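Asker:
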Amino acid sequence: MRTLVTTALILSTILALAGGCKKNPQETPHRVSESPQTQTCLSAEMVSIPGGQFTMGDKDEPDATPHEVIVSPFLMDKCLVTQEQYEKLMGDNPSRWKSPKNPVEQVRWSDCVKFCNARSQAEGLKPCYNLQTWECDFTADGYRLPTEAEWECACRAGTKTAYFFGDNPSQLGDYAWFEKNSGGHPQPVGQKKPNPWGLFDICGNL
């Protein structure tokens, strides 16, 4: 069964969003593919994340002690969810910086899971979230937010350096929008270089 993961709708709080749906860790190791293939799931282009075992965390962060984690393969959106994608399904656009190709922002975790369910239903898939209990059904074939481990695995893309592009932060501007190069507001998705597994804006656009 394929696991479909929609890239978090607001990158600045992606870890909080991903942490809202905890997966029971019953995975087994998987060999990491050297060149994941990009796929198309109806209208949304997705990237196959091979999963596998990696060291999660950061030795310089007191609440993120490095530890080994095993993640099963899954599919993840190639780009952040855009405002036009969100508005088409949800009927409104809560974003402050409105532009169809910009990532949607000003959304809560509950808005994100409602979007995931709506996207699943629109594509004939089983929704993952119970909107009464907010629990996630990981056996469903619909869309959900990534777990914290899945997001970090996808972001690292099999690398072991400080950043997926190396150890030199001076290259960040090639891969992400941030305070010094964004003009203080989000930019259209997919304008910077992707990470080695083909994911855009994974280091920042908001």
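Using this note's numbering, the first residue of the sequence shown is number 39, and each one after it goes up by one. Built from N, CA and C at the ideal position, the CB exists for glycine as well. None of these values were measured; they are calculated from a predicted model.
(1) Taking the C-alpha atoms as reference points, what is the distance between residue 223 and residue 109?
(2) Could you check how far apart the C-beta atoms of residue 243 and residue 163 are, in whole angstroms? I think they sit under 8 Å.
(3) How long is the line joining the alpha carbons of residue 83 and residue 101, rounded to whole angstroms?
(4) I need the DSSP call for residue 207, collapsed to helix, strand or coil.
(5) Using alpha carbons as the reference points, say which of 240, 123, 209 lies closest to residue 184.
(6) Buried or exposed: where does residue 97 fall if 16 or more other Cβ atoms within 10 Å of its Cβ makes it buried?
(7) Below 8 Å CB to CB, which residues in the same chain sit around residue 104 once its five sequence neighbours on both sides are set aside?
(8) In the structure shown, what three-state DSSP assignment does residue 69 receive?
(9) Secondary structure at residue 170, three-state DSSP: helix, strand or coil?
(10) Does the beta-carbon of residue 200 have 16 or more other beta-carbons within 10 angstroms, so that it is buried, or is it exposed?
Answerer: According to the structure shown:
(1) For the purposes of this step, residue 223 is identified with residue 185 of the sequence shown, where counting begins at 1. For the purposes of this step, residue 109 is identified with residue 71 of the sequence shown, where counting begins at 1. Cα to Cα, the separation comes out at about 33 Å.
(2) In the sequence shown, the residue the question calls residue 243 occupies position 205. In the sequence shown, the residue the question calls residue 163 occupies position 125. Wrong, their Cβ atoms sit about 27 Å apart, outside the cutoff.
(3) For the purposes of this step, residue 83 is identified with residue 45 of the sequence shown, where counting begins at 1. For the purposes of this step, residue 101 is identified with residue 63 of the sequence shown, where counting begins at 1. Their backbone Cα atoms lie some 34 Å apart in a straight line.
(4) The residue given as residue 207 occupies position 169 in the sequence shown. Reduced to three states, the DSSP call for residue 207 is helix.
(5) Position 146 of the sequence shown, counted from the first residue, corresponds to residue 184. Comparing Cα positions, the closest option is 240.
(6) As a first step, residue 97 must be located in the sequence shown, where it is residue number 59. Its Cβ having fewer than 16 others within 10 Å, residue 97 is exposed.
(7) In the sequence shown, the residue the question calls residue 104 occupies position 66. Same-chain partners within the cutoff: 93, 94, 95, 96, 97.
(8) Reading the sequence shown from its first residue, position 31 is the one you call residue 69. Since pLDDT at residue 69 reaches only 32, below the 50 mark, its modelled position is unreliable, and no value is offered.
(9) Numbered from its first residue, the sequence shown carries residue 170 at position 132. Correct three-state label for residue 170: coil.
(10) By 1-based counting over the sequence shown, the position of residue 200 is 162. So residue 200 ends up on the exposed side.
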